[in-house]
Amino acid sequence: MQTLDVISVNIWQMLASLGNLVLLFLMVKKFLYKPVKKMLEQRQNTIQGDYDAAAQAKEQAYSDKVKYEEKLLGAKAEADEVIKSAVSVATEREKEIIAEARVKADGIVRQAENEAILERKKAEDAVKKEIVEVSSLLTEKVLEREISAEDHQRFIDSFIESIGDENDSD
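Heads up: the sequence shown begins at 405 in this note's numbering, then just goes up one per residue.
Take a look at the structure:
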């Protein structure tokens, strides 16, 4: 029988292969695994830092949004106050203008009434004067020699007074 050298197990060769495998494993661990692991940890830390920065930015954005909304509400309230103030000032100015217009209108009415009274008195005086002249002429013609100048003057004065009394009762 022949021996099968091909199938035989060589312990020294197995130990050498196992030693090579262990040596290869140690070399891979030292030169590849640790640097790759270190690089992966750095990358993980960088990514985590980016996530943290993004979360912080999100919080800051939300905080800024809240502040902006508060300022916007404050601005709206301030605008409302300005509008109310302007309306109040306009209302006060309107009242002042109306009061001034009423005072001026009352003054104009009083002046017109005074002018009307003066015109009426002038007209009455003119009418009285005209009546005096006409009555003097008539009385002169009618009673030219029968009445003295003093009687004539008394007659005119009483006539004027009676006309004045009639006009005052109107």
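Heads up, the beta-carbon is just placed ideally off N, CA and C, and yes, glycines get one too.
Rounded C-alpha distance that separates residue i from residue j
i, j, result
"Ala527", "Glu565", "16 Å"
"Val352", "Glu445", "Any answer about residue 352 is impossible in this case: the structure gives the chain only from 405 up to 574."
"Glu523", "Ile512", "16 Å"
"Ile567", "Lys532", "8 Å"
"Val507", "Gln557", "48 Å"
"Ala494", "Tyr455", "57 Å"
"Ile521", "Glu554", "33 Å"
"Leu419", "Leu428", "14 Å"
"Asp468", "Ala481", "20 Å"
"Lys462", "Met443", "28 Å"
"Gln464", "Glu474", "15 Å"
"Met431", "Asn449", "26 Å"
"Gln452", "Lys471", "28 Å"
"Gln460", "Tyr466", "10 Å"
"Phe563", "Glu534", "13 Å"
"Val486", "Arg514", "41 Å"
"Ala516", "Asp510", "10 Å"
"Leu476", "Val491", "22 Å"
Boundaries of the alpha helix (DSSP H) in which residue i is found, first to last residue
i, result
"Phe435", "Per DSSP, Phe435 belongs to no alpha helix (DSSP H) and is neither H nor E."
Cut-off 7 Å between Cβ atoms - residues of its own chain near residue i, not counting five sequence neighbours on either side
i, result
"Ala530", "none"
"Ile560", "Val536, Ser539 and Ser540"
"Glu519", "none"
Contacting residues, own chain, Cβ-Cβ under 8 Å from residue i (five flanking each side not counted)
i, result
"Ala457", "none"
"Gly478", "none"
Chain C within 8 Å of residue i, Cβ atoms only
i, result
"Glu463", "Any reference to chain C falls outside this structure, which holds one protein chain only."
Distance cut-off 7 Å: residue i Cβ against heavy atoms of the ligand NAP
i, result
"Ala505", "For the ligand NAP, the structure offers nothing, since it holds no ligand at all."
Which runs of the alpha helix (DSSP H) at least 4 residues long sit entirely within the stretch 513-562? Give them in chain order. none
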